[in-house]
Amino acid sequence: LASVTLRTTVDFVIFLMSERSSPSQEEVKTKSQVCANVFCGAGRECAMTEKGEPTCLCIEQCKPHKRSVCGSNGKTYRNHCELHRDACLTGLKVQVAHDGHCKEKKADPAVATPIACYLADRNELRSRIIEWLQAEVVPDGWFSKGSNFSEILLKYFKNFDNGDSKLDSSEFLKFILHNETAINVTSYADEENNRLLRSMCVDALIELSDENADWKLSFDEFLNCLKPGFSPPEKKCALEDETYEDGAETQVECNRCVCACGNWVCTAMTCNGKDKKAGVEEDDGLDQEMTEEEWGRRVAELNKHQVRVAGALWW
Numbered sequence: 012l013a014s015v016t017l018r019t020t021v022d023f024v025i026f027l028m029s030e031r032s033s034p035s036q037e038e039v040k041t042k043s044q045v046c047a048n049v050f051c052g053a054g055r056e057c058a059m060t061e062k063g064e065p066t067c068l069c070i071e072q073c074k075p076h077k078r079s080v081c082g083s084n085g086k087t088y089r090n091h092c093e094l095h096r097d098a099c100l101t102g103l104k105v106q107v108a109h110d111g112h113c114k115e116k117k118a119d120p121a122v123a124t125p126i127a128c129y130l131a132d133r134n135e136l137r138s139r140i141i142e143w144l145q146a147e148v149v150p151d152g153w154f155s156k157g158s159n160f161s162e163i164l165l166k167y168f169k170n171f172d173n174g175d176s177k178l179d180s181s182e183f184l185k186f187i188l189h190n191e192t193a194i195n196v197t198s199y200a201d202e203e204n205n206r207l208l209r210s211m212c213v214d215a216l217i218e219l220s221d222e223n224a225d226w227k228l229s230f231d232e233f234l235n236c237l238k239p240g241f242s243p244p245e246k247k248c249a250l251e252d253e254t255y256e257d258g259a260e261t262q263v264e265c266n267r268c269v270c271a272c273g274n275w276v277c278t279a280m281t282c283n284g285k286d287k288k289a290g291v292e293e294d295d296g297l298d299q300e301m302t303e304e305e306w307g308r309r310v311a312e313l314n315k316h317q318v319r320v321a322g323a324l325w326w
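The sequence shown begins at 12 in my numbering and counts up by one.
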């Protein structure tokens with residue numbers, strides 16, 4: 012009798028477990044049914060609202076395969092999906108101009124645009140590093156201990172730290188160069204420009220979690236920078252009581268400046284009187300060239316005020 016009672020109890024528990032699991036299975040099936048006949052177009056995907064109705068949203072994440080394409084906006088994208096996703100997110104009409112990298116135009120030095128790490132570049136590099144690290148996570152087995160995300164990151168931190176328990180920009184860059192997938196962030200046809208871009212994006216990543224502003228990351232800062240649940244803040248640039256979005260351009264005398272990750276990045280050409288933008292006053296009426304030190308102070312003045320759109324931590 013005890014055996015029969017035990018078996019009945021076990022069967023009842025199994026029945027309850029199956030009943031509890033059925034709603035989630037039904038929910039997945041319902042979403043599939045709702046989106047079955049919905050076409051969202053390039054760069055968008057079907058999702059189900061709380062009311063159970065279909066809606067088209069920008070694709071959350073494209074597959075990581077690489078087949079570079081040049082957009083009609085002159086920007087190189089990792090693949091077709093990234094191009095259409097960017098068009099959806101920005102609300103701009105971007106078409107595929109041709110396969111491969113965009114050909115860089117030989118620009119007039121007076122209107123050349125500086126190489127800069129924009130928010131999209133910084134975030135893409137960060138995402139690739141996180142994907143690479145997550146691929147190395149090993150769950151605990153029955154008789155063996157695995158490796159979690161923090162432990163893997165600590166291993167790399169110790170490997171590339173020179174002994175001061177901090178990673179500077181050169182050590183962070185060596186850490187990135189360790190993985191071919193992570194370094195394959197390219198926005199320019201010229202490889203030298205891409206190397207410069209990676210270095211600038213490393214600085215942008217360090218700035219994300221460098222709490223004491225020493226341009227070095229302790230392990231805790233390193234972990235916060237690359238923790239998957241961290242939502243990086245989006246900074247805007249300030250100039251003359253106005254704020255500018257990432258990618259905005261302005262001109263200071265003969266140099267062009269762009270807003271990138273909350274900082275103004277400018278070309279550094281020496282200006283003379285005839286190159287100066289109309290309306291810019293000359294010192295004492297003299298046709299003097301601006302020294303490198305003077306230009307550095309001018310760019311620092313541009314970056315004196317930064318505007319940050321609050322980011323969130325989702326642990």
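We put the beta carbon where it would ideally sit given N, CA and C, even for glycine.
Got a sec: is the Cβ-Cβ distance from residue i to anything in chain C below 8 Å?
{"i": "Phe154", "result": "Looking at the structure shown, chain C is missing, and only one protein chain is on hand."}
Only counting the same chain, and skipping five residues up and downstream in sequence, which positions put a Cβ closer than 8 Å to that of residue i?
{"i": "Met66", "result": "Reading off the sequence shown, one finds Thr at residue 66, where the question assumed Met. Cys57, Ala58, Met59 and Thr60, listed in sequence order."}
{"i": "Val149", "result": "Gly157 and Ser158"}
{"i": "Gln44", "result": "none"}
{"i": "Cys73", "result": "Arg89, Asn90, Cys92, Glu93 and Arg96"}
{"i": "Ser161", "result": "Leu234"}
{"i": "Cys212", "result": "Cys128, Asp132, Arg133, Leu136 and Val196"}
Which two residues bound the contiguous alpha helix (DSSP H) that contains residue i?
{"i": "Glu56", "result": "Per DSSP, Glu56 belongs to no alpha helix (DSSP H); it is in the beta strand (DSSP E), Arg55 to Met59."}
{"i": "Asn274", "result": "From DSSP, Asn274 is part of no alpha helix (DSSP H) but of the beta strand (DSSP E) over Asn274 to Cys277."}
Compute the Euclidean distance between the alpha carbons of residue i and residue j, then round it to the nearest angstrom.
{"i": "Leu112", "j": "Thr87", "result": "In the sequence as displayed, the identity of residue 112 is His instead of Leu. Rounded to the nearest angstrom, the two C-alpha atoms are 5 Å apart."}
{"i": "Leu165", "j": "Asn266", "result": "42 Å"}
{"i": "Glu71", "j": "Cys51", "result": "13 Å"}
{"i": "Lys42", "j": "Leu103", "result": "29 Å"}
{"i": "Gly63", "j": "Leu207", "result": "48 Å"}
{"i": "Asp151", "j": "Leu234", "result": "21 Å"}
{"i": "Val269", "j": "Thr261", "result": "6 Å"}
{"i": "Ala224", "j": "Asp214", "result": "12 Å"}
{"i": "Ser180", "j": "Gly85", "result": "30 Å"}
Check residue i in the structure and name its three-state DSSP category.
{"i": "Ala224", "result": "coil"}
{"i": "Glu264", "result": "coil"}
{"i": "Leu184", "result": "helix"}
{"i": "Lys77", "result": "coil"}
{"i": "Ser158", "result": "strand"}
{"i": "Leu237", "result": "helix"}
{"i": "Lys104", "result": "coil"}
{"i": "Tyr129", "result": "coil"}
{"i": "Ala336", "result": "Given a span of 12 to 326 for the chain in the structure shown, any question on residue 336 remains unanswerable."}
{"i": "Val45", "result": "helix"}
{"i": "Cys212", "result": "helix"}
{"i": "Cys270", "result": "strand"}
{"i": "Asp175", "result": "coil"}
Determine the extent of the beta strand (DSSP E) in which residue i is found, giving its start and end residues.
{"i": "Thr254", "result": "Glu253 to Tyr255"}
{"i": "His109", "result": "Val107 to Asp110"}
{"i": "Ala249", "result": "Glu245 to Leu250"}
{"i": "Leu68", "result": "Pro65 to Cys69"}
When we look at the beta-carbon of residue i and count the other beta-carbons within 10 Å, is it buried (16 or more) or exposed?
{"i": "Phe154", "result": "exposed"}
{"i": "Asn327", "result": "What is shown of the chain runs 12 to 326, which leaves residue 327 out entirely."}
{"i": "Ala127", "result": "buried"}
{"i": "Lys246", "result": "buried"}
{"i": "Ala123", "result": "exposed"}
{"i": "Leu188", "result": "exposed"}
{"i": "Thr278", "result": "buried"}
{"i": "Asn274", "result": "buried"}
{"i": "Val263", "result": "buried"}
{"i": "Arg78", "result": "exposed"}
{"i": "Glu256", "result": "exposed"}
{"i": "Glu232", "result": "buried"}
Please list, in chain order, all residues of the same chain as residue i whose beta carbon is under 6 Å from its beta carbon, the five residues on each side excluded.
{"i": "Asn190", "result": "Trp143"}
{"i": "Phe230", "result": "Phe168"}
I'd like the list of long-range same chain contacts for residue i, defined as Cβ closer than 7 Å, with 5 residues on each side in sequence excluded.
{"i": "Ser35", "result": "Unreliable positioning characterises Ser35 in this predicted model, as indicated by a pLDDT of 47, which lies under 50. A coordinate reading is not provided."}
{"i": "Arg55", "result": "Cys67, Leu68, Cys69, Ile70 and Cys99"}
{"i": "Cys236", "result": "Leu216, Leu219, Ser220 and Leu228"}
{"i": "Cys81", "result": "Thr87, Ala108, His109, Gly111, His112 and Cys113"}
{"i": "Thr271", "result": "A quick correction: the sequence has Ala, not Thr, at residue 271. So the list reads Ala127, Cys128, Tyr129 and Asp257, once near-sequence residues are dropped."}
Can you tell me whether residue i sits near the ligand GDP, meaning its C-beta is under 7 Å from at least one heavy atom of the ligand?
{"i": "Arg78", "result": "In the structure on display, the ligand GDP does not appear, and there are no ligands present to speak of."}
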